[in-house]
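So for the sequence shown, our numbering puts the first residue at 751; every next one is plus one.
Reviewing the structure listed below.
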Amino acid sequence: MKKLLLIFSAALLLITGCAKKETADTTATEPTPTETTVSSGDQKVVLYTSRHYDTDQALFDAFKEKTGITVEVKQGDAKALLEEIEQGGEDLDADLFYTADAGKLAQAKEKGLFQTIGSDVVKSNVPEIYRDNDDMWTALTMRARIIVYSLENVDPAQLSTYEDLANEKWKGKIVTRPSSHVYNQSLVASFIEVNGLEETKEWAKGLVSNFAREPKGNDRDQVKAVAANEADIAIVNSYYIGKMITSDKPEEKEAVAKVGVFFPNQETTGTHVNVSGAGILKSSKNKENAVKLLEFLSSVEAQEQFSSANFEFPVNPNVEVKNELLKSWGEFKKQGINLSILGENNKKAQEIMDEVGWK
Ligand code: FE
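Listed below in structure tokens is the structure:
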């Protein structure tokens, strides 16, 4: 713990220190103070996660210190983890599934893998639009899918909306990752909600016709393509900007220095946001501990760390963003739709992308 805190700088130490005080205050009225479990040593919660960030581990360590509950982490690709959970059934030693994208969480729900969370603390920490309609999962962190542009070739005054990216003035100038990735599926799913099916199809068609190349690679690769003048515009998730700025790979640092960041649709329907989130599995043998972990991860204390160390936005509205990069982007208008819709519209989104030839 000590070592990790050192790595995460004095700022994190400060946050942890403050947050402890705050937690003591906020949990004072709860019937089961976490201190009682500290000495038991054998309390655990098993978390299946597709996330792979040091911040998450630091938070699990903080949770253990606070509650005595060990978070056993099984990390892997979301698809592989889901398969394992499905095959393991009731016997599986797994309490929680934690992954990126509301679309993925909806998939787990559809497969019947989750049970209701049933925590008033989670409900008060996380706004309703960032939780599943049937209380099967809750968001824990937020990210925006933003426009990244070439500082050399694009005047940001030319930028306005996602819809405008279908305009032929951008012919051969846009890159994004393949349609097989849930980030883009959710982006299109959100437009089905905001603009309707037909308009979204037209938009997707126009967007694809402006692609500079066949979609390939991940979000960071799109930033690199813009930096290398292969394109002028990319659509990427916001936290990758922070991760590339602080990367230990010189090529990532150099690439991100050549691009600007633009939050689209500020005058219209808002920037598309998505989340990372988690649900409690039906197989859970430690449901009480799983609920405690979700309550902790959605608390002000934990939420501050997501944004200070991982460049994600808090979902808990009571958290003040302290990260300098995020602060420099300022407040922005979000799409504001209920994220359960991304799962509901996922199939239609994939159909549209197939139909318009989004590889
Ligand atoms: Fe990602």
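Even for Gly, the Cβ is constructed at its ideal location relative to N, Cα and C.
So residue i and residue j are supposed to be a Cβ contact under 8 Å. How far apart are they, rounded?
i: residue 1112; j: residue 856; result: As displayed, the chain neither begins before 751 nor continues past 1109, which places residue 1112 out of reach and without an answer.
i: residue 1089; j: residue 1025; result: 6 Å
i: residue 1027; j: residue 858; result: Not quite, the Cβ-Cβ distance comes to about 10 Å (not below 8 Å), so this is no contact.
i: residue 824; j: residue 798; result: 5 Å
i: residue 794; j: residue 1036; result: 6 Å
i: residue 957; j: residue 809; result: With a Cβ gap of about 37 Å, residue 957 and residue 809 do not count as contacting.
i: residue 1065; j: residue 876; result: 5 Å
i: residue 821; j: residue 1043; result: 7 Å
i: residue 987; j: residue 969; result: 5 Å
i: residue 854; j: residue 932; result: 5 Å
i: residue 1056; j: residue 896; result: Residue 1056 to residue 896, Cβ: 18 Å. No contact.
i: residue 960; j: residue 907; result: Not really, about 19 Å apart at Cβ, beyond 8 Å.
Which residues in the same chain have their Cβ closer than 7 Å to the Cβ of residue i, if we skip the five residues on either side of it in sequence?
i: residue 982; result: 899, 900, 903, 904, 923, 976
i: residue 1095; result: 939, 942, 943
i: residue 926; result: 934, 965, 972, 984, 985
i: residue 771; result: For residue 771, the predicted structure reports a pLDDT of 31, less than 50, and the residue's modelled location is therefore unreliable. The matter cannot be settled from this model.
i: residue 1018; result: 911
i: residue 787; result: Note on residue 787: pLDDT 37, under 50, position unreliable in the model; the coordinate value appears next. Around residue 787: 793, 817, 818, 819.
i: residue 885; result: 866, 867, 868
i: residue 775; result: Confidence at residue 775 is low in this model, with a pLDDT of 31, below 50, so its placement is unreliable and the value that follows should be read with caution. Cβ neighbours of residue 775 beyond the five flanking positions: none.
Which residues in the same chain as residue i place their Cβ atom closer than 6 Å to its Cβ, once the five residues preceding and following it in sequence are excluded?
i: residue 1083; result: 1016, 1020
i: residue 989; result: 893, 1061, 1062
i: residue 865; result: 1030, 1032
i: residue 1075; result: 992
i: residue 1086; result: 1020
i: residue 1002; result: 994
i: residue 882; result: 1090
i: residue 1104; result: none
i: residue 1034; result: 845, 1040
i: residue 874; result: none
i: residue 803; result: 1060
Have a look at the options and flag the residue whose alpha-carbon is nearest the alpha-carbon of residue i.
i: residue 870; options: 814, 1041, 1076; result: 1041
i: residue 1080; options: 986, 1071, 911; result: 1071
i: residue 947; options: 1107, 1102, 861, 980; result: 1102
i: residue 920; options: 949, 963, 950; result: 963
i: residue 955; options: 1054, 795, 1005, 1109; result: 1109
i: residue 1100; options: 930, 1068, 1009, 969; result: 930
i: residue 909; options: 1014, 1022, 1008; result: 1014
i: residue 1067; options: 850, 999, 804, 1054; result: 1054
i: residue 805; options: 1077, 1078, 1052; result: 1052
i: residue 891; options: 796, 1049, 1011, 949; result: 1049
i: residue 846; options: 928, 860, 1078, 1038; result: 1038
i: residue 860; options: 887, 834, 874, 841; result: 887
i: residue 1023; options: 838, 918, 848, 880; result: 880
i: residue 950; options: 872, 913, 850, 918; result: 913
Spatial neighbours of residue i within its chain, please: CB distance less than 8 Å, with the 5 preceding and 5 following residues excluded, ordered by chain position.
i: residue 862; result: 1032
i: residue 1098; result: 939, 942, 947
i: residue 980; result: 925, 962, 963
i: residue 1008; result: 900, 901, 902, 976, 977
i: residue 1004; result: 977
i: residue 889; result: 852, 876, 880, 881, 1025, 1026, 1027, 1065, 1089
i: residue 836; result: 861, 863
i: residue 849; result: 799, 800, 801, 828, 831, 855, 858, 1026, 1027, 1028
Relative to the ligand COA, is the shortest distance from any of its heavy atoms to the C-beta of residue i smaller than 7 Å?
i: residue 850; result: This structure lacks the ligand COA; its bound ligands are the ligand FE.
With 8 Å set as the bound, which would you pick, yes or no: does the beta-carbon of residue i sit closer than that to a beta-carbon of chain B?
i: residue 1037; result: Going by chain labels, chain B is absent from the structure shown, which holds only one protein chain.
Uninterrupted alpha helix (DSSP H) stretches inside the region 779-856 (no shorter than 4 residues): 804-817, 828-838
Unbroken stretches of the alpha helix (DSSP H), 4 residues or longer, contained in the region 942-1028: 947-959, 969-977, 989-995, 1000-1006
Beta strand (DSSP E) runs contained entirely in the region 1021-1105, provided each spans 3 or more residues: 1023-1031
Length at least 3, wholly inside the region 888-936: the beta strand (DSSP E) runs in chain order: 888-900
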